[in-house]
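Engineer:
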Amino acid sequence: MRLTNPIKHYYHTYHTPPYPPIWTILEELSIGQMSRLLASLDREHRRRVATQFGYDEKVIVSWLKSTTMLRNNCAHHSRVWNNNVGADSPQSANAIHSEFPGNPDQGFFFSRTVALQALLKAIDPSTTWQDRFKTVMRTLPVATLSKAGITPQSIGIPFQWETRPYWN
Numbered sequence: 001m002r003l004t005n006p007i008k009h010y011y012h013t014y015h016t017p018p019y020p021p022i023w024t025i026l027e028e029l030s031i032g033q034m035s036r037l038l039a040s041l042d043r044e045h046r047r048r049v050a051t052q053f054g055y056d057e058k059v060i061v062s063w064l065k066s067t068t069m070l071r072n073n074c075a076h077h078s079r080v081w082n083n084n085v086g087a088d089s090p091q092s093a094n095a096i097h098s099e100f101p102g103n104p105d106q107g108f109f110f111s112r113t114v115a116l117q118a119l120l121k122a123i124d125p126s127t128t129w130q131d132r133f134k135t136v137m138r139t140l141p142v143a144t145l146s147k148a149g150i151t152p153q154s155i156g157i158p159f160q161w162e163t164r165p166y167w168n
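Under full-length UniProt numbering, the sequence shown has 98 at position 98, and the numbering climbs by one with no breaks.
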C-alpha cells in the first residue's frame with residue numbers, strides 16, 4: 001500500500017496545468033495498464049517512446065506485453081519455463097538479435113530474459129540484474145530439473161550463454 005498518491009498530491013499542490021504530468025499518472029498504473037496504454041498509442045507516439053530505449057516500437061510493445069505476462073505468471077505462481085509467450089527479437093539490433101533463441105518453440109523463457117536485460121540496461125546502465133540472474137541459474141537443481149525433462153537447451157538457453165559479452 002502506498003503512503004502517498006502522486007495524483008492527489010498534484011491536485012492539492014498545483015492548479016495548472018489542469019492535468020498532471022505523465023510521470024505522475026504512470027506512477028499509479030500497473031505494468032499491465034502501462035503495457036496496454038503503450039500498445040494503444042498511435043504509431044508515432046509509440047515510436048517516440050521506443051526511441052528512448054533504442055529499439056523499434058513493435059519490439060518494445062512486444063517486450064512490455066511479455067514482461068507483463070511474466071510478472072503475472074510469477075505473481076500467481078505459474079510456470080514460466082514452458083509458457084508459450086516470448087518476446088520478439090529486434091531485427092535491426094544485431095548485437096542483441098543473436099542472443100535470442102534460434103528455435104522460437106523452445107526459446108520463450110530465454111527470449112524474455114534477453115528482453116528484460118535489454119530494457120533494464122536501457123533504464124539503468126549500471127544494473128546488476130544480469131549478475132543476479134546468472135546466480136539464480138547457477139543455483140538451480142539441475143539434476144532434479146533434468147529428471148523432469150527440463151534442461152537449459154529445452155527452454156532455449158544457449159550453451160555457455162553466461163560467457164557471452166551481452167551477459168557481462
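Think of the CB as a built atom: it goes at the ideal place given N, C-alpha and C, for glycine as much as any other residue.
Do you know how far the Cα of ILE22 is from the Cα of ILE157?
Structural biologist: Their Cα atoms are separated by approximately 37 Å.
Engineer: Could you compute how far the alpha carbon of MET69 sits from the alpha carbon of PHE108?
Structural biologist: Cα-Cα distance, rounded: 12 Å.
Engineer: Relative to the C-alpha of GLU27, which residue among TYR10, PRO17 and ASN72 is closest?
Structural biologist: It is TYR10.
Engineer: Between ARG79 and ARG46, what straight-line distance do the alpha-carbon atoms span, to the nearest angstrom?
Structural biologist: Taking the straight line joining both Cα atoms gives about 30 Å.
Engineer: Considering just the uninterrupted stretch of the alpha helix (DSSP H) at ASP131, what are its terminal residues?
Structural biologist: Unbroken alpha helix (DSSP H) run through ASP131: 129-138.
Engineer: Give the single residue among LEU116, PRO17, GLN52 and ILE7 whose Cα lies nearest to the Cα of LYS65.
Structural biologist: Answer by Cα proximity: LEU116.
Engineer: How many angstroms separate the CA atom of ARG112 from the CA atom of ILE7?
Structural biologist: When rounded, the distance between both Cα atoms is 32 Å.
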